[in-house]
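Undergrad:
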Amino acid sequence: MLKAYKTEIFPTFEQKQIIHRTIGVCRFVYNFYLSHNKEIYEKEERFVSGYDFSKWLNNEYLVQNPEFSWIKEVSSKSVKQSIMNAQRAFKNFFNHKAGFPNWKKKSNSDVKMYFVRTDAKTIIACERHRIKIPTLNWIRLKEKGYIPTNPETHIIKSGSISMKAGRYYISVLIEETEIEKPVLKDFGIGIDLGIKDFAVCSDGRTFKNINKTVHIRKLEKSLKRQQRKLSRKYESLKKSTNNLKGAATRQNIRKQKLKVQRLHHRLECIRTDYINKVISELVKTKPEWITLENLNIKGMMKNRHLSKAIAQQKFFKFRTKITAKCKEYGIELRFADRFYPSSRTCHHCGYIKFDLKLSDRIYTCSECGYTADRDFNASLNLRDCLTYQTA
837 MLKAYKTEIF PTFEQKQIIH RTIGVCRFVY NFYLSHNKEI YEKEERFVSG YDFSKWLNNE
897 YLVQNPEFSW IKEVSSKSVK QSIMNAQRAF KNFFNHKAGF PNWKKKSNSD VKMYFVRTDA
957 KTIIACERHR IKIPTLNWIR LKEKGYIPTN PETHIIKSGS ISMKAGRYYI SVLIEETEIE
1017 KPVLKDFGIG IDLGIKDFAV CSDGRTFKNI NKTVHIRKLE KSLKRQQRKL SRKYESLKKS
1077 TNNLKGAATR QNIRKQKLKV QRLHHRLECI RTDYINKVIS ELVKTKPEWI TLENLNIKGM
1137 MKNRHLSKAI AQQKFFKFRT KITAKCKEYG IELRFADRFY PSSRTCHHCG YIKFDLKLSD
1197 RIYTCSECGY TADRDFNASL NLRDCLTYQT A
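Start counting the sequence shown at 837; every next residue gets the next number (our numbering).
1) Out of E844, H965, I1126, point me to the one whose CA is closest to C1221's CA.
2) Use the C-beta contact count for V1019: other C-beta atoms within 10 angstroms, 16 or more gives buried, fewer gives exposed.
3) Measure from the alpha carbon of K1021 to the alpha carbon of each residue in Y1165, H1141, K1093, then state which is nearest.
4) Does the Cβ-Cβ distance between L1094 and L1059 come in under 9 Å?
5) Name the residue from L893, S885, V915 whose alpha carbon lies nearest to the alpha carbon of I855.
6) So what's A956 in DSSP terms, helix, strand or just coil?
7) Work out the CA separation of R1102 and W1260 for me, nearest whole Å.
8) Is it right to say M949 is buried, meaning 16 or more other beta carbons lie within 10 angstroms of its own, or is it exposed?
9) Measuring straight from C-alpha to C-alpha, what distance separates I991 and H965?
10) Can the beta-carbon of I1111 be found closer than 9 Å to that of F1171?
11) Helix, strand or coil for G995? Go by DSSP, reduced to three states.
12) In the structure shown, what three-state DSSP assignment does A840 receive?
13) Report the three-state DSSP secondary structure of Y1187 (helix, strand or coil).
14) Taking the CB atoms as reference points, tell me whether Y866 and K927 lie closer together than 9 Å.
15) By Cβ distance, which residues of its chain are closer than 8 Å to M1137, with the 5 residues on each side in sequence left out?
16) Looking at the strands, I want to know which residues DSSP matches up with W1125.
17) Please list the terminal residues of the continuous alpha helix (DSSP H) segment that includes D888.
18) List the whole-angstrom C-beta distance separating L1066 from T1085, where the pair is believed to meet the contact cut-off of C-beta under 8 Å.
19) For C1204, count neighbouring Cβ atoms within 10 angstroms of its own Cβ and tell me buried if that reaches 16, exposed if not.
20) Measuring CB to CB, does A1214 end up less than 9 Å from S1179?
21) So for H990, helix, strand or coil by DSSP?
22) Please go through the same chain and pick out, in chain order, the residues whose beta-carbon is closer than 7 Å to the beta-carbon of H1184, but skip the five residues on each side of it.
23) CA-CA distance, D1227 and Q917?
24) Following the continuous beta strand (DSSP E) through Y1224, name the residue where it begins and the one where it ends.
25) Touch check for the segment 999-1010 and the segment 872-886: three-plus C-beta pairs under 8 Å?
26) Exposed or buried, K1150, counting other C-beta atoms within 10 Å across all chains shown (16 or more means buried)?
27) Which residues mark the beginning and the end of the alpha helix (DSSP H) in which R883 is found?
28) Using alpha carbons as the reference points, say which of T954, D946, K1069 lies closest to Y912.
29) Relative to the C-alpha of V1050, which residue among I1106, E1071, S1038, G995 is closest?
30) Within its chain, find whatever has a CB closer than 7 Å to the CB of K839; leave out the 5 residues flanking it on each side and keep chain order.
31) Here's the rule I'm using: 16 or more other beta-carbon atoms within 10 Å means buried, otherwise exposed. How should L1194 be labelled?
32) Look up R1003 in the DSSP assignment and give the residues it is bridged to.
33) So within the segment 1017-1063, which uninterrupted beta strand (DSSP E) runs reach at least 3 residues, ignoring any that extend past its ends?
34) Using DSSP with H/G/I as helix, E/B as strand and the rest coil, what is I983?
35) Give me, in chain order, the residues of the same chain whose beta-carbon lies closer than 6 Å to that of K968; leave out the 5 immediate sequence neighbours on both sides.
36) Quick check: L977 and F846, are their CB atoms within less than 9 Å of each other?
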């Protein structure tokens, strides 16, 4: 079984330079592959695979253009992986799964430094507080003991190093021996996701909306202020005529952008950590099945009054993480139909109340007189839903 572990690292100044150089070369090669493929297609109407581009780059282009020899100064595995990522982006475009691949920008791109275990004899060593990476040697880990260190039961197959908001992260893919799955109990849980509360469960538990807490609101208020400062610096740069003054302003813009990025990253980490805790609370009860709604997030985001609140809840990330966790524990994850009237259906008699409004927080059945919280009634209906799809 393959499992990924991600944690923060503390590289030295020399290691940071190598990481920056490798990420920069990978970004250049990714963009070069896109532009080369576009040029070839306009002339010859054919697609160049990543393997053919890699051979042409190393055997022809770099020989004829020695000024680009700095491409070979970084890890070849990282360069090849960036080419494969670009090829995957093209394949998704051809299969109508995504749009045309975009060029990677230095200021805003998710480019990573990739490393891999080359053969069966090679071992990527890992200790409690550090890990040994090819071309970088030993790097300190922030979370001590988080990554498994036994090479007999946990083999590191590959990994990548990324940089976000001035912080460095390592993600490793580990091949683990099959873990015995826990014995599940004979009951299910229905979960109604929402904005007022993040999740209301059929067993009576309610997980609050963390975006309404004082801590999050203070961070968002601080983010607004820092973004206004950044906007004013851009306006100041436009009005500047002195080159020296303009250069100093650009330096201040980079500093201010980093402050904004750190606040965005901090908010994202808090929300993701909360999602992990919610999933852990749900899974540790060991239910036989969990039922969710198949929400149309893209359609919900078109409501300009609720789009920000919906985006902050991170429903898609919650769905992705709970799918992986249920697979690990052997729990059946069910998705009710998108048009299943879970909120409008009376759980007691099955009557569907078509005139239910969004402002009606208490569900009152006009047929049998059943009264319950709107979201709790929906979670009970989801738990007992018979028409569903499994993950």
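Ideal placement from N, C-alpha and C gives every residue a C-beta, glycine not left out.
None of the values given here were measured: they were computed from a predicted structure.
TA: Let me lay it out:
1) I1126
2) exposed
3) Y1165
4) no
5) V915
6) Here A956 sits in coil by DSSP.
7) Absent from the structure is residue 1260, since the part of the chain shown begins at 837 and ends at 1227.
8) buried
9) 17 Å
10) no
11) strand
12) strand
13) coil
14) no
15) If we look at M1137 and ignore the five residues flanking it on each side, its Cβ neighbours are S1143, I1146, A1147.
16) G1024, E1168
17) 886-892
18) Contact flag wrong, Cβ pair sits at about 12 Å.
19) exposed
20) yes
21) strand
22) C1201, C1204, Y1206
23) The sequence as given places Ala at residue 1227; Asp does not occur at that position. Taking the straight line joining both Cα atoms gives about 29 Å.
24) 1224-1226
25) No: fewer than three Cβ pairs fall under 8 Å.
26) buried
27) What sits at residue 883 in the sequence shown is Phe, not Arg. Counting along the chain, no alpha helix (DSSP H) covers F883, and no H or E run does either.
28) According to the sequence shown, residue 912 is Ser rather than Tyr. Of T954, D946, K1069, the residue nearest in Cα terms is T954.
29) I1106
30) I1010, E1012
31) exposed
32) K1000
33) List check, beta strand (DSSP E) in window: 1024-1029, 1033-1037, 1042-1044.
34) coil
35) A961, W974
36) Their beta carbons are under 9 Å apart, which means L977 touches F846 by this criterion.
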